[in-house]
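Residue numbers (UniProt numbering), protein chains in the order written: chain A, 1 to 681; chain B, 1 to 681.
Protein chains: 2
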Amino acid sequence: MASSAAAVLDAPPPALAAQAAILARPATEERRMADAVRALAIDAVEGARSGHPGMPMGMADAATVLFTRFLKYDAADPRWPDRDRFVLSAGHGSMLLYALLHLTGHAGMGIEELRRFRQLHSPCAGHPEYGEHPAIETTTGPLGQGLATAVGMALAERMLAARFGRSLVDHRTWVIASDGDLMEGISHEAISLAGHLKLNKLTVLFDDNAISIDGSTELAVSDDQLRRFAASGWAVRRVDGHDHAEVAAALSWAVRNRKPTLIACRTIIGFGAPTKAGTAATHGSPLGAEEAAAAKRALGWQHPPFVVPEDLRARWEAAGRRGAGARRSWLKRLARHPQRDEFERALAGRLPEGWHEPLAALRARQAEEKPKLATRVASQRTLEALVPAVPELVGGSADLTGSVGTLAKGMAPVAPGSYAGRYVHWGVREHGMAAAMNGMALHGGLIPYGGTFLVFSDYMRPAIRLAALMRQRVIHVLTHDSIGLGEDGPTHQPVEHLASLRAMPNLFVFRPADAIETAECWELALRRADGPSVLALTRQNVPAVRGEAGENRCARGGYVLAEASGARRATLIATGSEVHLALAARESLEAAGIPTAVVSLPCWEIFAAQDAGYRDQVLGDALRVGVEAAVGLGWERWIGPGGVFIGMTGFGASAPAEDLFRHFGITAEAVVAAVKRRLNV
Amino acid sequence: MASSAAAVLDAPPPALAAQAAILARPATEERRMADAVRALAIDAVEGARSGHPGMPMGMADAATVLFTRFLKYDAADPRWPDRDRFVLSAGHGSMLLYALLHLTGHAGMGIEELRRFRQLHSPCAGHPEYGEHPAIETTTGPLGQGLATAVGMALAERMLAARFGRSLVDHRTWVIASDGDLMEGISHEAISLAGHLKLNKLTVLFDDNAISIDGSTELAVSDDQLRRFAASGWAVRRVDGHDHAEVAAALSWAVRNRKPTLIACRTIIGFGAPTKAGTAATHGSPLGAEEAAAAKRALGWQHPPFVVPEDLRARWEAAGRRGAGARRSWLKRLARHPQRDEFERALAGRLPEGWHEPLAALRARQAEEKPKLATRVASQRTLEALVPAVPELVGGSADLTGSVGTLAKGMAPVAPGSYAGRYVHWGVREHGMAAAMNGMALHGGLIPYGGTFLVFSDYMRPAIRLAALMRQRVIHVLTHDSIGLGEDGPTHQPVEHLASLRAMPNLFVFRPADAIETAECWELALRRADGPSVLALTRQNVPAVRGEAGENRCARGGYVLAEASGARRATLIATGSEVHLALAARESLEAAGIPTAVVSLPCWEIFAAQDAGYRDQVLGDALRVGVEAAVGLGWERWIGPGGVFIGMTGFGASAPAEDLFRHFGITAEAVVAAVKRRLNV
């Protein structure tokens, strides 16, 4: 609203006039508590000579009301499972969070940490980073992610409450979101989902300051956000974000509401700054020494940098222990709860005793039957074994349930108001699904997996990246993993996705070759407590390449599937649906007197982590040929400069799968011909 | 609404009852024309044994009204610049489009092509593919993209009308979108943008059939779409999508409206199918011979497969030439238009005479001044030279204008109702921006560039992929391209993005080292008429590495920037901000008696396309060391298995840039040490 550019000369811009009116009111103790947040944010940003002061200054009042009167937490144990979750979706305002955690007395968030805002090894990173401090619930910064992650947390709460009862699980999820969060597309997916599922314990405080980086939000957006949220089934309200009583009334209203709630807080960005308040100048840069000092004067804040007077400190610390009694009562309830062990196990992320026995049985059966199956179907069969054995495993799909095989027998759907099921129909919301799964994993107590087509990993990439950065156990079941999907054509055929996902740190990309490898890769993904996994699976049937299932051979990432009959002259290295082509090629080559080995390489990340001796032994020193129906980027790592790669060099096409493999020259014959050409035989 | 699962036994499901009521009405000629569309869709999907019949059958009525009474086009020239654009955002319903193009008499879309639906080399791909037929305006299939692309087309129309006048540019953009399109997050960005910019010549027909792949949309979504669009500034209306008169009235209303318009067409998916209509069973699979035959009987369609009776053919072909007169008048207006040459030049995508002269002057000046500049700033200076010289170049940013340097002097903003500017404030809508830029490029007459941070390329990836697939000239200015951005931390620091973008076919990824290389890469991106480009640019200052600017040395993708003083013992290969580190390392190594060359490799894709002789000569056969502040995936291509890579192995951290380069060991000293270690000196 208040853009300084639009102001009439000689009259103060509307934001400054509004600010003056607010500052003219007698400062309550709670206002002074909020000013402590503002002062710390100003000081830390000035100290770092970098950061975003405007948002913490604008939202300090509303956040103070939330942290002193509504948010259920106990600073003495920030990981208390039944705490309310607080998500600062507008992560650039990270100093708001750090100041609140500091003032409420959280260990590990002392004044020294605040002084080292944005410095190496400080928990006070530029944006809140999960893992840097136990009270940081999730990493935020990429806009929209926090909101969508919070939807997953709120859903996890409902699902766990359905399983363990309200005596153990009964908390809310609170989000502070910015204009930018609400402009991002993922916000639509998140809002729509939360409204549909009636997640009434979710409240979003929208920092409605009408300022974006480029200037007034009028430059780019004119959505009626209240109407928009209401259209998706939210209860909505607007308040003056600087009026503590109004904010408190709205938060009370939210707690009583039967829908998810949006509270649009009209705020002045950079509240307190005498000339820059209400302008984009406060958004992403320090105020500067002069404006910083003037802001403190305007707020009546007369303390040196990083100093908070004792009376305010005491009030804040009392607020930080408000939840101590509730936590003690909860601990007592937990101690005598019949599901205590199971609850603690699930929350700790420990898989249940004997969980992999049905899996071992399945693998043994498959070793005997050698089924010709699409690996997406093999994945579904694996889930039939896993889902009954691992009650915290919850599934879903972005409206492709039948295609991706994510629904196991007996999984009831999660539905509006009814959360006892274990299967979420995410709708055509890949990005929202991926972010919500992050939220479920972060919440704890659930292990989420979700399915869509591999090509649509592009839609989820920002959320997959956050799972990798936060090392969360989230499993993506991504099927239709090559031109092998056939007629749907190049928009649906991944060619660069394996490479682009392999490029992402901490993400394991599994591409199993048959039913046994699929079960093995599922086992590895599930065991992996410290990071996300992708299972890339075929649409088309593939023959069994394995006839034994004693050992999980995928556990080393790659292995010799078929050794050469004599001294190797060639090693064919393949993944997924191309492994059987490599086996067929090997047969021809062996018949032609060329001893050839086949290596299956279902997980590059694990294979790369093996010792060099093992890797060298597997890959051998004969001619190496990589075979994968995808682009070759990265394959040089395995085949070396003298190697050959048989795969894709561009986008696919629409035709039956067999025609495409022939058309693009990804066949056993092509492998044989390439080897013979290279070996000059 | 009508889920067969929810139906009461013994009573027909509501959809079937509604269908029966519609079929009981006397069939008008227009209904019969629509039935021709349905019959062809049924036949083609049955023939391919794959495809999506339900959507074409459901939307045949509304599409028939559009193509016979409203859409401005002339089948004799599908590339007529002033035609209305039609975008089938629900691309899985591709047979709807092919049937319409066939019936309206478009060349190259004969019955033989329809018979080869979803077969290799047929223009009738599984999803509409731009380039397969001149009347296919854009590639669709990944949901939400068509809608967002159409927003770019509609905006391009307004911007070109502002430049060339209504006598040359005065057309509408029509979209058919599905539930899935509207669930995708990108739909929010598109809708919000179109509403904000008051793109009143844009109309979306929403195929409101209440069915998704998993079943009833009630499983996953309960948005009030009309209210949602209205909240973003659209005029909205609901009609019976099978009532031609109602649809026609709504389309008339849309044409007169001053806002973008949404027409929610209540339809029955698979309309005509006697048992499967109104169910997900018709969505993505053939009806099956029996149901297909029964559907035709129910519709009163008594013709063999792929046969359309002459009277209907004649009516359809007449509809296809409805616009012939308008096109002839337009051609006359063009012939005498004072801006004719300029219009034709811009539409043909030819750059203006002498466009690169200011660029050459800039480069010469920079060769002299050797400025130490962030390459994002160098990019902005390049734009200052290019923008006045290339009037069709239009810019924008996703709310990071100052940070990414995309605004050149004299570029006025595009604003609601005012389209004479050349700069779009896209808001925090990276994905919508990228898709709309695709639409602008597809529309023709504009060359769009847009800026955000490199890390947020993840948000745009599905749209970048479509630009690559469609070979559109769209330029992405992606700054803050490494840990060199410093304090914002790992959420903002790309590490895997260069690799993941390089994996994408047809995309050129430029990472220039200094101001001169930045200008050179901009020149190459702009000259590249057949594909998109990414410019990866630094936030931090980098010294000049070049002192001459005669030849565009980036034009070969990579080149020897500094030759070794003697027989090479090492070649340091670097990109972007690491090139100057390589130069510094070279200096130390040369001083230590180790002749070392430095190769700058700003564009892998172009370098890979050079002849092997050139590549070998540049890379040399001495020890090769890659230096890039990013993950190493793909670098083996250049450094070989004996090479060394100095870069990132995981995510970044929040700290000042210099601290980070030291912390992660990406320094000249580290390069020197690695070379010495490897050479054993």
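Just so it is clear, CB atoms sit at the ideal spot from N, CA and C, and this is done for glycine as well.
Beta-carbon proximity of residue i to residue j, cut-off 8 Å
| i | j | result |
| --- | --- | --- |
| G144 (chain B) | A436 (chain B) | no |
| G405 (chain B) | G450 (chain B) | no |
| D179 (chain B) | L147 (chain B) | no |
| R85 (chain A) | A150 (chain A) | yes |
| I176 (chain B) | D207 (chain B) | yes |
| G51 (chain B) | R118 (chain B) | yes |
| D214 (chain B) | T401 (chain A) | yes |
| L619 (chain A) | T575 (chain A) | no |
Cβ distance (whole Å) where residue i is taken to contact residue j below 8 Å
| i | j | result |
| --- | --- | --- |
| K72 (chain A) | R83 (chain A) | 6 Å |
| L633 (chain A) | R569 (chain A) | L633 (chain A) to R569 (chain A), Cβ: 27 Å. No contact. |
| L160 (chain B) | G445 (chain B) | 5 Å |
| M57 (chain A) | F271 (chain A) | 5 Å |
| W234 (chain B) | I191 (chain B) | 7 Å |
| G613 (chain A) | I573 (chain A) | Between I573 (chain A) and G613 (chain A) the Cβ distance is about 17 Å, and since that is not below 8 Å, they are no contact. |
Closer than 8 Å to chain A by CB, residue i
| i | result |
| --- | --- |
| P505 (chain B) | yes |
| L9 (chain B) | In this predicted model, L9 (chain B) has a pLDDT of only 47, less than 50, meaning its place in the structure is not dependable; the value taken from the coordinates is given anyway. Output row for L9 (chain B): interface = no. |
| G152 (chain B) | no |
| S533 (chain B) | no |
| F607 (chain B) | no |
| P305 (chain B) | no |
| L383 (chain B) | no |
| M183 (chain B) | yes |
Secondary structure of residue i, DSSP reduced to three states
| i | result |
| --- | --- |
| D207 (chain B) | strand |
| L23 (chain A) | helix |
| H133 (chain B) | strand |
| V236 (chain B) | strand |
| Y98 (chain A) | helix |
| V474 (chain B) | coil |
| A279 (chain A) | A quick correction: the sequence has Thr, not Ala, at residue 279 (chain A). Note: T279 (chain A) maps to coil in three-state DSSP. |
| I186 (chain B) | helix |
| F117 (chain B) | coil |
| L197 (chain A) | coil |
| Y614 (chain B) | helix |
C-beta neighbour in chain B for residue i, strict 8 Å
| i | result |
| --- | --- |
| S89 (chain A) | no |
| A18 (chain A) | no |
| G484 (chain A) | no |
| W80 (chain A) | no |
| A6 (chain A) | Any reading at A6 (chain A) must be qualified, since the residue scores a pLDDT of 38, below 50, and its modelled position is unreliable; the value itself is stated next. No, no contact with chain B. |
| P641 (chain A) | yes |
| Y449 (chain A) | no |
| D399 (chain A) | yes |
Chain D within 8 Å of residue i, Cβ atoms only
| i | result |
| --- | --- |
| P286 (chain B) | Protein chains A and B are contained in the structure displayed, whereas chain D is not. |
Any non-hydrogen atom of the ligand FMN closer than 7 Å to residue i Cβ
| i | result |
| --- | --- |
| V675 (chain A) | Questions concerning the ligand FMN fall outside what the structure shown contains, since it holds no ligand whatsoever. |
### Given 8 Å, three or more beta-carbon pairs between the region 602-622 of chain A and the region 549-564 of chain A
Per the Cβ contact rule, the region 602-622 of chain A is in contact with the region 549-564 of chain A (3 or more Cβ pairs under 8 Å).
### Message
So, does the region 490-509 of chain B touch the region 412-421 of chain B, judging by three or more C-beta pairs under 8 Å?
### Response
Not touching, per the Cβ criterion.
#### Entry: Cβ pair count under 8 Å reaching 3, the region 240-252 of chain A against the region 211-222 of chain A
No, they do not touch.
### Message
Does the contact criterion of 3 or more C-beta pairs under 8 Å hold for the region 98-115 of chain B versus the region 158-172 of chain B?
### Response
Touching, no, given that fewer than three Cβ pairs across the two stretches are closer than 8 Å.
### Query
Three or more beta-carbon pairs under 8 Å between the region 119-139 of chain A and the region 374-392 of chain A, yes or no?
Contact between the region 119-139 of chain A and the region 374-392 of chain A is absent, because fewer than three Cβ pairs lie under 8 Å.
### Inter-stretch contact (C-beta, 8 Å, three-pair minimum) for the region 471-491 of chain A and the region 657-664 of chain A
The region 471-491 of chain A is in contact with the region 657-664 of chain A.
### Message
Below 8 Å, how does it come out for the region 582-596 of chain B and the region 520-538 of chain B: are there three or more Cβ pairs, yes or no?
### Response
The region 582-596 of chain B vs the region 520-538 of chain B: no contact.
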